[in-house]
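Here's the structure we're looking at; comments come further down.
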Amino acid sequence: MISRTVRHFPKVVLSHSFQIRHGSTTKIIQKNAPVNTQDTAVKGLDRTSSIPNKTEFNSKSSPVAEALAGIDGISKSKAEDGSLFSQPTEPIVMSEDDFKPTSEWMTSFSGVGSKAFDQRIIDILMAPIDEKDVEIKPDGLIYLPEIKYRRILNRSFGPGAWGLVPRGPHSVTGRTLSREYALFCLGRFVSQARGEQDFFEESGIATATEGVKSNALMRCCKDLGIASELWDPTFIQYFKGKYCAEEWVTHVTKGNKKRMWRLKTRGWDYPWVKK
1179 MISRTVRHFP KVVLSHSFQI RHGSTTKIIQ KNAPVNTQDT AVKGLDRTSS IPNKTEFNSK
1239 SSPVAEALAG IDGISKSKAE DGSLFSQPTE PIVMSEDDFK PTSEWMTSFS GVGSKAFDQR
1299 IIDILMAPID EKDVEIKPDG LIYLPEIKYR RILNRSFGPG AWGLVPRGPH SVTGRTLSRE
1359 YALFCLGRFV SQARGEQDFF EESGIATATE GVKSNALMRC CKDLGIASEL WDPTFIQYFK
1419 GKYCAEEWVT HVTKGNKKRM WRLKTRGWDY PWVKK
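Here is the structure:
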């Protein structure tokens, strides 16, 4: 549900029905009915079900679906004074188009493969990674932290000259959240990938959406040559042999044993210990 605040206008024409609440009072404003914005009861406009939920999920009535519906909602930014618009204008007609992501960035492949970036940018993107920046997961998968990719992009193109654009709504498969993203640099399409992130509770969906975005960014950066060593079997074997160790560890509370990987410069974190 999207909340809108309208102030300082003598009349607003609404193209959809709204519920207006103030304290214990509830008013229903029908479609095409003029609204007196000076009325003290008009403090918030709660969008009803006129906007279709574009989120893909397995169960339309699940708590996950309801949470994602709010995350995928499109909202307008407010002016500094808190109003929806910074200056009075003609009577406003609010339609579904005001809430739809109809930008060409949602579908554009403009500039793909048109020409190479400047040599300075290429040198930064394809520079060998610092081996000290590489991490390893307990299952043995080596990776570069997501923030390192962002720093490389910022050094290459500059902050604000690149961005990730969502290419569709979030999808839920079991306990895995995913979404398609496209990477644009200097206004040119570079790559597109689907990011994914596991979650275990509905309350963790907001955090999972950030993980989805970060995962998509790392996958898109492969097409720019960033940290390409991480997909090279020769480098993977070399890095594990030089910097990593695989050991049997025991869970402190459960007592079960498991073979896991770690960097040689680090010990084991709770609840895992080596006995």
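If you use the numbering used here, the sequence shown corresponds to residues 1179 to 1453, in order. Backbone N, C-alpha and C define an ideal beta-carbon position, used for all residues, glycine too. All values reported here derive from a predicted model rather than from experimental measurement.
9 Å Cβ cutoff met for residue i and residue j
i: V1430; j: Y1416; result: no
i: F1362; j: G1341; result: yes
i: P1323; j: W1439; result: no
i: A1405; j: C1399; result: yes
i: Q1375; j: S1356; result: yes
i: K1391; j: G1373; result: yes
i: V1343; j: Y1327; result: no
i: I1300; j: E1407; result: no
i: T1443; j: N1434; result: no
i: A1386; j: A1371; result: no
Where residue i falls: helix, strand or coil (DSSP)
i: D1376; result: strand
i: R1345; result: coil
i: T1385; result: helix
i: L1402; result: helix
i: Y1321; result: strand
i: I1414; result: helix
i: T1312; result: Correcting the residue identity first, residue 1312 is Val in this sequence and not Thr. Correct three-state label for V1312: coil.
i: W1409; result: helix
i: A1360; result: strand
i: K1442; result: coil
i: K1293; result: coil
i: K1420; result: helix
i: F1287; result: coil
i: D1224; result: Summary for D1224: the model assigns pLDDT 43, below 50, so the residue's position carries little reliability, and this model does not support an answer.
i: A1394; result: helix
i: R1366; result: strand
i: K1436; result: strand
i: I1198; result: For I1198, the pLDDT reaches just 46, beneath the cut-off of 50, and the residue's location in the model is therefore unreliable, although a value from the coordinates is still provided. Strand, per DSSP.
i: M1272; result: Any reading at M1272 needs caution, since the residue's pLDDT is 42, under 50, leaving its predicted position unreliable; the model's value is listed next. The answer is strand: DSSP assigns M1272 an E or B state.
i: S1237; result: Model confidence at S1237 stands at a pLDDT of 46, short of 50, so the residue's coordinates are unreliable and nothing is read from them.
i: N1231; result: Confidence in N1231 is poor, its pLDDT being 43 and thus under 50, which makes the residue's placement unreliable; the coordinate value appears in the next sentence. Three-state DSSP puts N1231 in coil, outside helix and strand.
Selection from the options that minimises the alpha carbon distance to residue i
i: G1365; options: K1452, R1397 and S1288; result: S1288
i: Q1318; options: D1376, A1423 and E1374; result: Correcting the residue type first, residue 1318 is Gly in the shown sequence and not Gln. For the residues D1376, A1423 and E1374, the minimum Cα distance to G1318 belongs to A1423.
i: R1298; options: D1311, N1332, P1344 and Y1327; result: N1332
i: I1320; options: L1303, M1396 and T1387; result: M1396
i: K1432; options: W1450, L1408, S1406 and G1419; result: W1450
i: R1353; options: F1377, A1339 and R1345; result: F1377
i: F1413; options: E1309, S1292, T1285 and E1282; result: E1309
i: A1339; options: F1295, W1409 and G1389; result: F1295
i: V1312; options: Y1421, F1335 and K1293; result: Y1421
i: G1389; options: R1437, I1325, V1427 and Q1370; result: I1325
i: E1282; options: K1293, M1304 and G1346; result: G1346
i: T1285; options: S1369, D1410 and R1437; result: S1369
i: M1135; options: I1330, E1425, P1411 and W1426; result: Summary: the structure shown does not reach residue 1135, with the chain confined to residues 1179 through 1453, and so no result is reported for it.
Inter-residue CB distance, residue i and residue j (contact presumed, cutoff 8 Å)
i: L1441; j: I1314; result: 6 Å
i: K1452; j: W1446; result: 6 Å
i: I1302; j: S1334; result: 4 Å
Distance cut-off 8 Å: residue i Cβ against heavy atoms of the ligand ADP
i: F1378; result: Looking for the ligand ADP in the displayed structure turns up nothing, as the structure carries no ligands at all.
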